[in-house]
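2 protein chains.
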Amino acid sequence: MASETKDRILDVAERLFADRGYPATSLRDITAEAAVNLASVNYHFGAKESLLAALLERRFAPLNRRRLELLDEIEVEVGAGRPAVEEVLRAFLAPPFEMQQKWGASGRTFLRLVGRLHAETNDEHRATYLRHFEEVRRRFTSALHRALPHLEATDVHWRMMFLMGSMAFAMVEGLTPRPGGPPPRDPDEVLDALLCFAAAGVAAPSPARVPIDAGRPDRPGFVVGEEAPAARGR
Amino acid sequence: MASETKDRILDVAERLFADRGYPATSLRDITAEAAVNLASVNYHFGAKESLLAALLERRFAPLNRRRLELLDEIEVEVGAGRPAVEEVLRAFLAPPFEMQQKWGASGRTFLRLVGRLHAETNDEHRATYLRHFEEVRRRFTSALHRALPHLEATDVHWRMMFLMGSMAFAMVEGLTPRPGGPPPRDPDEVLDALLCFAAAGVAAPSPARVPIDAGRPDRPGFVVGEEAPAARGR
DNA sequence: CCGGAAGTCAAACGTTCGTTTCAATCATAC
DNA sequence: GTATGATTGAAACGAACGTTTGACTTCCGG
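As you go down the protein sequences, you meet chains A and B in turn.
Residue 137 in numbering that gives the first Met the number 0 is what sits at position 138 of the first sequence, and the numbering runs on without skipping anything.
Residue 228 in numbering that gives the first Met the number 0 is what sits at position 229 of the second sequence, and the numbering runs on without skipping anything.
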């Protein structure tokens, strides 16, 4: 099954897509660097788009399996109780970082690619990509809501978004050395820093939703709300 | 100066770049939709790359001017004292959202484009883009460090990264309606939610850096470091 | 009315793209 | 050894790309 050629193509494509982006990477770039024939991509994968899909499948399947596995453990442990926010976040954020250690440089490359795909919004690639992600997002959002029952569902959704944004940025920026940016760190440290930031952000008191007719103070949004002084119509 | 044609090209290009990404948008797409001749892009802007640069210039110049202006106000106000974290964050995050109200649909489009460019890492576009951003990042990072003097510089840098990630994601995701995602919200609400999340995250206690010889507990990273076990800022 | 700059237009330029074709090669079972 | 299916190879396909060209309008100061 896993022929030598096929794997070499996947490895090189992963790196080039991560470095230059999907549309900016040509099959000729890939096949030249992998030292295989141009036609072999279409032979083994059918089309460029399917190559991307195969590439995502290879990494995402075990990654998301691991995430859900950790979440399962948490849910078994707490039963009907409230899971701890930090535990849920750790189950979500740790696997990509573990992965990079297990898979070495190519795991790191993949993380950069993922960070990129979050913004690479050709709707077709996005569908390819999101298919892998949807169940994970749904289950973690719901676990997070159980951990933070005083928040409204829409707030949990948004914080999940912000979390994903931080994660994506940490992956693409934190793992690509850049002049002027923070020095690249040990992945474990990045994970700790991210968890720390994310846990505080996700568990923040809910934003005060001042009713529109209440004369808005100069700077709303930071009045601690906890549970909605005024239930926001919605 | 600002000819009819030139503006139409800029407007359409902004939208298409935001929708499909820069490399995936052809000049023929742009000129067809703008109902101008294909050659006029090269006539007015020289090349596709310069079109992107002009497009960024048009929006970023006033946007970042506004950010720095708000930051200046804060720094004048507090003098040698500590600025408030929320104020600094607001100065950073509010202008893009204000902009979208002032510029209407095309402001919103631009925000999507910006969110995208954060990941669009062809090094040349990135240079084009980062040039507009570098001073802002530097000054806000330093203001943030003054607001949170107990944090190490490297932690502040990283949290600035996470913040930018949340912002980028909020822009590209929060403003593009997606099935299954959170319902699109009023921009003011997004800003409030983002500020709330970001303020808590940025001001979180610094991650515990356990010395390597200390037998690491099973789950490090949430031991509250620094000061006050529960004094989460506010 | 005219001359010339500014802008538009259709057409073509040379490249590069993803994909296809088909003969050559390889491995394996008979 | 030879037939057979899987893989590789070199070459070409048509389409799309960014850019350039040169003739054609449009406009305006003299």
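C-beta atoms are modelled at their ideal positions from N, C-alpha and C, and glycine is treated no differently.
Cβ-Cβ distance between residue i and residue j below 8 Å
i	j	result
L143 of chain A	V77 of chain A	no
M160 of chain A	F16 of chain B	no
A197 of chain A	L51 of chain A	no
A33 of chain A	V11 of chain A	yes
P206 of chain B	D185 of chain A	no
A23 of chain A	P22 of chain B	yes
F44 of chain A	A53 of chain A	yes
E13 of chain A	S105 of chain A	yes
V35 of chain A	R66 of chain A	no
R111 of chain B	M170 of chain B	yes
G200 of chain A	A199 of chain B	yes
V155 of chain A	L147 of chain A	yes
L235 of chain B	K47 of chain B	The requested residue 235 of chain B does not occur in the structure, where chain B is confined to residues 0 to 233.
L70 of chain B	R115 of chain B	no
For residue i, the three-state DSSP class (helix, strand or coil)
i	result
P204 of chain B	coil
R19 of chain B	helix
P210 of chain A	Note that P210 of chain A has pLDDT 47, beneath the 50 cutoff, so the model's placement of it is unreliable and the number below is only indicative. Here P210 of chain A sits in coil by DSSP.
A83 of chain A	coil
R184 of chain A	coil
L129 of chain B	helix
E225 of chain A	Its pLDDT being 37, under 50, E225 of chain A is placed unreliably by the model, and nothing is read from it.
L112 of chain B	helix
S2 of chain B	coil
E151 of chain B	coil
G103 of chain B	coil
G164 of chain A	helix
H144 of chain B	helix
H156 of chain A	helix
H117 of chain B	coil
Whole-Å CB distance - residue i paired with residue j, under 8 Å assumed
i	j	result
R64 of chain A	L9 of chain A	Rounded, the Cβ-Cβ distance is 19 Å, inconsistent with contact.
A202 of chain B	V84 of chain B	5 Å
R145 of chain B	P204 of chain B	Rounded, the Cβ-Cβ distance is 18 Å, inconsistent with contact.
L129 of chain B	M166 of chain B	Going by Cβ atoms, the distance from L129 of chain B to M166 of chain B rounds to 15 Å, so no, they are not a contact pair.
L55 of chain B	H149 of chain B	Between H149 of chain B and L55 of chain B the Cβ distance is about 36 Å, and since that is not below 8 Å, they are no contact.
> Can you list, in chain order, the stretches of the alpha helix (DSSP H) that have 4 or more residues and sit fully within the region 23–70 of chain A?
Replying inline: 26–33, 38–44
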